[in-house]
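Novice: Take a look at the following structure, please.
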Amino acid sequence: MTVSPRIELVPGGLSLSRLVFGAWRLLDGQNPGAEEVARLIDTSVDLGLTSFDHADIYGGYAVEEAFGAGLARWKGRRAGIELISKCGIMLASSNRPQNRLKHYDTGAAHIEASVERSLNNLGTDYLDLLLIHRPDPLMDADDTARAFERLVAAGKVRAVGVSNFTPDQFDLLASRLPFPLVTNQIEHSVLETSALTDGRLDHAQRLRYAPMIWSPLGGGSLFTGEAHASKGCGQR
């Protein structure tokens, strides 16, 4: 087994493997069976990638269930990995026919229902980390915070954070919580450097939390030479 360095998101708090397995494209162009997914999990953990990043919407709301089927076949210990998921984006999808238009929902009822579905899909009793996927222009910070508090108190979520938030949006939600937001998951690569100048990395350093980086290889375009197409995809 390869031992990978770990990173504490906040001092004394949840730690993740330095490299995180992103499940966004798990089902792109393929339909891996449970045994194949179990082998993928095993290989990742053997390489030191113990943290697995999900979102309810990945694969048109299908990735978590496929991963959970593999996790049920995996022979390892649940306590030896970290499961991360995100919620808040409401995609128009055949798997969510009630969503006629893409929008955002960071209300307590939706967050708590989404976590219950993620737990069921992944076949686990808890998420190690729950993130709000995108800023919601209509977010009621008090309502969102209430959901976070209830989920943490119930042991269904170990830690909470956000994704793609500005420093001000982060601070607003953090001001309503009795415990810290432990990370902001942001896009950053040599092709996307705005976090260096828009205050997001400065904010992380000031508050001493470790940001999570998504698409660090530019969605693969660093290898293919093709234009980076992550922006506007509605998935991250």
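Everything in the sequence shown is counted per full-length UniProt numbering, starting at 1 for the first residue and increasing by one.
Heads up, the beta-carbon is just placed ideally off N, CA and C, and yes, glycines get one too.
Quantities reported herein were computed from a predicted structural model and do not represent experimental measurements.
(1) How long is the line joining the alpha carbons of LEU177 and LEU129, rounded to whole angstroms?
(2) Just to confirm the assignment, what range does the beta strand (DSSP E) spanning ARG6 have?
(3) Do you know whose CA, among GLY68, PRO97, ASN164, HIS103, lies nearest ARG117's CA?
(4) Would DSSP call SER230 helix, strand or coil?
(5) Can you grab the Cα-Cα spacing for the pair GLY220 / VAL190, in whole Å?
(6) Are residue 325 and ALA174 close, meaning C-beta to C-beta below 8 Å?
(7) Do the CB positions of ALA159 and GLY13 come within less than 8 Å of each other?
(8) Run through DSSP, which three-state label would GLY48 get?
(9) Under 8 Å, with one C-beta from each stretch per pair, do the region 120-138 and the region 80-90 reach the 3-pair mark?
(10) How would you label LEU16, buried or exposed, when you count the other beta carbons within 10 angstroms and need 16 or more for buried?
(11) Closest to ILE41 by CA distance: which of ALA62, TRP74, LEU196, ARG96 is it?
(12) By Cβ distance below 7 Å, which residues in the same chain neighbour LEU196 in space, the five residues on each side in sequence not counted?
(13) Based on DSSP bridge pairs, tell me the residues matched to HIS103.
(14) Could you tell me whether the Cβ atoms of VAL115 and LEU151 are closer together than 8 Å?
(15) Sort ASP171, ARG6, LEU19 by Cα distance to PRO216 and report the nearest one.
(16) Name the two residues that bound the continuous alpha helix (DSSP H) containing ASN120.
(17) Taking the C-alpha atoms as reference points, what is the distance between ASP171 and ARG208?
(18) Please state whether DSSP places VAL37 in a helix, a strand or coil.
(19) What residue range is occupied by the uninterrupted beta strand (DSSP E) comprising ASP128?
(20) Helix, strand or coil: how does DSSP classify ARG77 here?
(21) Answer yes or no: do ASN164 and PRO135 have a C-beta to C-beta separation smaller than 8 Å?
(22) Taking the alpha carbon of THR124 as the reference point, which residue from GLY155, GLU35, ARG39 has its own alpha carbon closest?
Specialist: The short version:
(1) Your numbering for residue 177 matches position 177 in the sequence shown. Your numbering for residue 129 matches position 129 in the sequence shown. When only Cα atoms are considered, LEU177 and LEU129 end up about 15 Å apart.
(2) Position 6 of the sequence shown, counted from the first residue, corresponds to residue 6. Per DSSP, ARG6 belongs to the beta strand (DSSP E) from 6-8.
(3) Within the sequence shown, numbered from 1, the residue matching residue 117 stands at position 117. The residue with the shortest Cα to Cα distance from ARG117 is GLY68.
(4) Translated into the one-based positions of the sequence shown, residue 230 becomes position 230. With a pLDDT of only 49 at SER230, under the threshold of 50, the placement of this residue in the model should not be trusted; the figure read from the coordinates follows. DSSP places SER230 in coil when its eight states are reduced to three.
(5) Residue mapping note: residue 220 aligns to position 220 of the sequence shown, counting from 1. Residue mapping note: residue 190 aligns to position 190 of the sequence shown, counting from 1. GLY220 and VAL190: Cα-Cα distance of roughly 12 Å.
(6) This structure cannot settle anything about residue 325, because the visible part of the chain is limited to 1 through 236.
(7) As a working note, residue 159 is residue 159 in the sequence shown. As a working note, residue 13 is residue 13 in the sequence shown. Against a cut-off of 8 Å, the Cβ pair of GLY13 and ALA159 comes out as a contact.
(8) As a first step, residue 48 must be located in the sequence shown, where it is residue number 48. Looking at GLY48 - three-state DSSP - the assignment turns out to be coil, as it is neither helix nor strand.
(9) yes
(10) As a first step, residue 16 is located in the sequence shown; it is residue number 16 there, counting from the start. Label assigned to LEU16: buried.
(11) Counted from its first residue, the sequence shown places residue 41 at position 41. Selected option, being the one with the closest Cα: TRP74.
(12) Translated into positions along the sequence shown, residue 196 becomes position 196. Around LEU196: no qualifying Cβ.
(13) One-based indexing of the sequence shown puts residue 103 at position 103. According to DSSP, which records beta bridges pairwise, HIS103 is partnered with MET90.
(14) Here the question's residue 115 lines up with position 115 in the sequence shown. Here the question's residue 151 lines up with position 151 in the sequence shown. Cβ distance < 8 Å, so VAL115 and LEU151 count as in contact.
(15) On the sequence shown, position 216 is the one that residue 216 refers to. Here the closest residue by C-alpha is LEU19.
(16) The count along the sequence shown starts at 1 and reaches residue 120 at position 120. From DSSP, the alpha helix (DSSP H) with ASN120 extends over 108-122.
(17) Locating residue 171 in the sequence shown gives position 171, counting from the first residue. Locating residue 208 in the sequence shown gives position 208, counting from the first residue. In a straight line, the C-alpha of ASP171 is about 13 Å away from that of ARG208.
(18) Along the sequence shown, read from residue 1 onward, the residue named residue 37 stands at position 37. Correct three-state label for VAL37: helix.
(19) Here the question's residue 128 lines up with position 128 in the sequence shown. Per DSSP, ASP128 belongs to the beta strand (DSSP E) from 127-132.
(20) Locating residue 77 in the sequence shown gives position 77, counting from the first residue. Coil at ARG77, not helix or strand.
(21) Mapped onto the sequence shown, residue 164 falls at position 164. Mapped onto the sequence shown, residue 135 falls at position 135. A contact, by the Cβ cut-off of 8 Å.
(22) For this step, residue 124 is matched to residue 124 along the sequence shown. Ranking the options by Cα distance to THR124, first place goes to GLY155.
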